[in-house]
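Student:
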Amino acid sequence: EVFALAEKYYGVLESRALPVRKPQVEPAQEGTRRVNVKAPAELPVLIMGYKAPVLRDVEKDSDPYALTMLAAVLDGHDAARLTRKLVREDKVALSVGIDYDSTARGPGMIYLHGSPSAGRTVADLETALRAEITRIQKDGISEQELKRARAQLVAAQIYKLDSMFGQAMEIGQTESAGIPYQKIDRTLEKLQQVTAAEVQAVAKKYFSDDTLTIGVLDPQPLDGKARRAAVVAR
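Residues in the sequence shown are numbered consecutively from -10, following the working numbering.
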């Protein structure tokens, strides 16, 4: 019935050649960029964005898989490094996380983000995030961390199959990035082959100040009441 309806309403539309897509290669970034935004909000927010590659060839590319695994180690579950260290132990952040989309259509980015705890500033949070990245760059990750992150990623993929919406979104996103949807299962296989050494290598390779852009949201009053400032007044 679905195919019949699709044919009825879309089959009559004539096909046409798509125009050549414009290149989406940004000029090389050489040095840290900073942007501060003042807007009505409840809390300060810090975002640290690093240039990173995205998946274009399922078989030949390797760094996007390692970056995905790195993100899972840092923020893939409640006991992951960022939440455990920065929120529960050091209490420098109310919330913290990392985002990386390996199938983005345009230039890739990997983001660290969070809101500082009361009495702490975005500068404190930036220092803490940098320290966690430096720790991986120097010491790497354990096999236990890698195993847990791998299990989380596999489980998420399996549970996704319970949702028709989730499957459709993944197929659409994969195809829009130029990757055949038939390769989805292969990407999961490649993820499971990532080693701890590869995770440490991409941390060293892509977390560089030369490709870093830092954004800070300085919250302004929502209801006439002053909000906690992003920085401490001197």
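For glycine and all other residues, C-beta sits at the position ideal for the given N, C-alpha and C.
Using the beta-carbon count (16 or more within 10 Å), is V62 buried or exposed?
Tutor: Locating residue 62 in the sequence shown gives position 73, where the first residue counts as 1. Looking at its Cβ environment, which holds 16 or more other Cβ atoms inside 10 Å, V62 is buried.
Student: On the CB-based measure, 16 or more other CB atoms within 10 Å of its CB, does A107 come out buried or exposed?
Tutor: Here residue 107 refers to the residue found at position 118 when the sequence shown is read from its first residue. A107 is exposed by the Cβ-count criterion.
Student: Spatial neighbours of Q209 within its chain, please: CB distance less than 8 Å, with the 5 preceding and 5 following residues excluded, ordered by chain position.
Tutor: Along the sequence shown, read from residue 1 onward, the residue named residue 209 stands at position 220. Counting only Cβ-Cβ distances below 8 Å, and skipping sequence neighbours, we find K27, A28, P29, A30 and R216.
Student: Restricting to runs no shorter than 4 residues, where is the alpha helix (DSSP H) found entirely within the segment 74 to 152?
Tutor: Qualifying alpha helix (DSSP H) stretches, in chain order: 111 to 128 and 132 to 149.
Student: For A38, does the three-state DSSP call read helix, strand or coil?
Tutor: Here residue 38 is taken as the residue at index 49 of the sequence shown, counted from 1. Strictly speaking, residue 38 in this sequence is Gly, with Ala absent from that position. Note: G38 maps to strand in three-state DSSP.
Student: Does DSSP classify R70 as helix, strand or coil?
Tutor: Here residue 70 refers to the residue found at position 81 when the sequence shown is read from its first residue. Note: R70 maps to helix in three-state DSSP.
Student: Answer with buried or exposed for A222, where buried requires no fewer than 16 other C-beta atoms within 10 angstroms of its C-beta.
Tutor: On the sequence shown, residue 222 is found 233 positions in, with the first residue counted as 1. Confidence at A222 is low in this model, with a pLDDT of 46, below 50, so the placement of that residue should be treated as unreliable; the coordinate-derived value is given next. Classification for A222: exposed.
Student: So what does DSSP say about L7, is it helix, strand or coil?
Tutor: For this step, residue 7 is matched to residue 18 along the sequence shown. Reduced to three states, the DSSP call for L7 is coil.
Student: Within the continuous beta strand (DSSP E) that includes A28, where are the two ends?
Tutor: Locating residue 28 in the sequence shown gives position 39, counting from the first residue. First-last of the beta strand (DSSP E) with A28: R22 to P29.
Student: Could you give the distance in angstroms between the alpha-carbon of P42 and the alpha-carbon of D64?
Tutor: Mapped onto the sequence shown, residue 42 falls at position 53. Mapped onto the sequence shown, residue 64 falls at position 75. For P42 and D64, the distance between alpha carbons rounds to 19 Å.
Student: Can you tell me which of E19, E(-4) and L150 puts its alpha carbon nearest to the alpha carbon of I173?
Tutor: On the sequence shown, residue 173 is found 184 positions in, with the first residue counted as 1. When only C-alpha atoms are compared, the closest one is L150.
Student: Which residue marks the beginning of the alpha helix (DSSP H) containing T176, and which one marks its end?
Tutor: Locating residue 176 in the sequence shown gives position 187, counting from the first residue. Segment I173 to L180, the alpha helix (DSSP H) holding T176.
Student: Among the candidates R94, T72, V183 and G129, whose CA atom is the shortest distance from the CA of L101?
Tutor: Against the sequence shown, residue 101 aligns to sequence position 112. Among R94, T72, V183 and G129, the Cα nearest to that of L101 is on T72.
Student: Between V205 and I122, what straight-line distance do the alpha-carbon atoms span, to the nearest angstrom?
Tutor: Locating residue 205 in the sequence shown gives position 216, where the first residue counts as 1. Locating residue 122 in the sequence shown gives position 133, where the first residue counts as 1. The straight-line gap from Cα to Cα measures roughly 19 Å.
Student: Counting along the chain, where does the alpha helix (DSSP H) carrying Q189 start and finish?
Tutor: As a first step, residue 189 must be located in the sequence shown, where it is residue number 200. Where Q189 is concerned, the enclosing alpha helix (DSSP H) stretches over A185 to Y195.
Student: Specify, as a first and last residue, the run of the beta strand (DSSP E) that T57 falls within.
Tutor: Residue 57 sits at position 68 when you count from the first residue of the sequence shown. Per DSSP, T57 belongs to no beta strand (DSSP E); it is in the alpha helix (DSSP H), D52 to D64.
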